[in-house]
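Below you'll find the structure, written out as structure tokens, and then a few comments.
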């Protein structure tokens, strides 16, 4: 039996998803979500899952999914082997669910993002249709490739080549500065904020770095140099997140940055309670395990850790700039279509890697689904259009609530009720 999601008022859903987060950062998040429909999609994954009627669609295999697959959830990163890969890069919502969850959110995000990069509706739907077929063909082949400079093409290959030649010092120079021979994190109020002054959190993060040094047998690499709160992402904005500057290979010009992000429960699995999930040690273990299953290679130092009794995802900090600039491809339709096709192939590869693992559907089931998609794509394209339509409706309701200073939203965010527009 196909599970049904339970729809709810969009503002109530967003309040429930964000309760307990940092009020000042929620004000930033809500302002960004109100201002842009694609930002709203990125910040409201749980709502989108609750609105998705899987029962109205043909069945799809249950597999390990990212849970929040959209166009901004792909990018370049360095693995522990220091090679550069292009892949999915956020598994916060990961769960064992029908692959339709990821497929429709990704196709819907193409339609949602299209106006912002200057595409008309007909162009967007044609791109989504082409991307769906590329996904289906990759599924039917049932061979999980990966993208690196030698195997990618077009804009993705160019991005990989650019990232491959970038030095770690380039990132350090943007995020840090040297004072009296010692490198420190720049606190700019936008991407970074200071830690609480009492020192307790600093001690907990230092303990975590000591644990990493033992785990990776690198006693000097993780020696702490500085710490800060980190402001990044959209869906996770408002959750505790930190960055550590560590010794790396040498002070001060070969230091490294380590990202710590609190792992919250998956809103994707919460929206579909009829599907049983694995019992994990904690939420960070869920995220890291599924990421390890689905990626060809994981970001450097990807680890699940308990910090102050809470589950954190730890990894080397990656520049957010290492993503495809789709707006630059809007007037190059063939290159844009090829790029989006590659993105959907990468999504299929990730799902194929998990086939037959820990209760996931078999490779044969994935192959059959791929051929079914190629034969009957129309229901899925219609469903992607509905995802976009529901997102637009929910965005209008949220924007109106934010602008009229709805107490449900103002009560969560550190903002003067008179200051929103």
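Residue numbers (the working numbering): 526 to 946.
All C-beta atoms in this analysis are idealised placements derived from N, C-alpha and C, irrespective of residue type, glycine included.
Asked, Found
"Straight-line gap, residue 776 to residue 819 (C-alpha atoms, nearest Å)", "35 Å"
"Residues that residue 623 bridges to, as DSSP identifies them", "587"
"Those residues which DSSP pairs with residue 749 across a bridge", "771"
"Where residue 674 falls: helix, strand or coil (DSSP)", "coil"
"Beta-carbon gap between residue 780 and residue 685 smaller than 8 Å", "no"
"Neighbourhood of residue 854 by C-beta distance below 7 Å, restricted to the same chain and skipping five residues each side", "680, 860, 861, 864"
"Reduced DSSP category for residue 787 - H, G, I as helix; E, B as strand; rest coil", "strand"
"Near the ligand ZN: residue 882 beta-carbon under 7 Å from a heavy atom", "With respect to the ligand ZN, the structure shown offers nothing to examine, as it has no ligands at all."
"Residues that DSSP places opposite residue 702 in a beta bridge", "709"
"Among 688, 578, 907, 784, nearest to residue 653 - alpha-carbon criterion", "907"
"Sequence-distant residues of the same chain with beta carbon closer than 8 Å to residue 736, five excluded per side", "830"
"Simplified DSSP state of residue 604, which is helix, strand or coil", "strand"
"Residue 795 and residue 633 closer than 8 Å at C-beta", "no"
"Rounded separation between residue 726 and residue 755 - CA only", "14 Å"
"For residue 619, the nearest candidate out of 919, 588, 670, 913 (CA to CA)", "588"
"Residue 888 beta carbon less than 8 Å from that of residue 663", "no"
"Spatial neighbours of residue 765 in its chain, beta-carbon cut-off 7 Å, leaving aside the 5 residues before and after", "787"
"Rounded C-alpha distance that separates residue 778 from residue 749", "14 Å"
"DSSP state of residue 947 mapped onto helix, strand, coil", "One cannot answer for residue 947 here, as it falls past the ends of the chain, which runs 526 to 946."
"Inter-stretch contact at 8 Å, needing at least 3 Cβ pairs: the segment 602-619 / the segment 700-710", "no"
"Contact belief for residue 825 with residue 591 at Cβ below 8 Å, rounded distance in angstroms", "With 8 Å as the limit, residue 825 and residue 591 do not qualify as a contact, their Cβ atoms being about 20 Å apart."
"Buried versus exposed, by CB contacts within 10 Å (16 or more), residue 929", "exposed"
"DSSP beta-bridge partners of residue 610", "602"
"Length of the line joining the Cα atoms of residue 552 and residue 535", "17 Å"
"Stretch-stretch touch, CB-based, cutoff 8 Å, three pairs: the segment 603-616 with the segment 563-583", "no"
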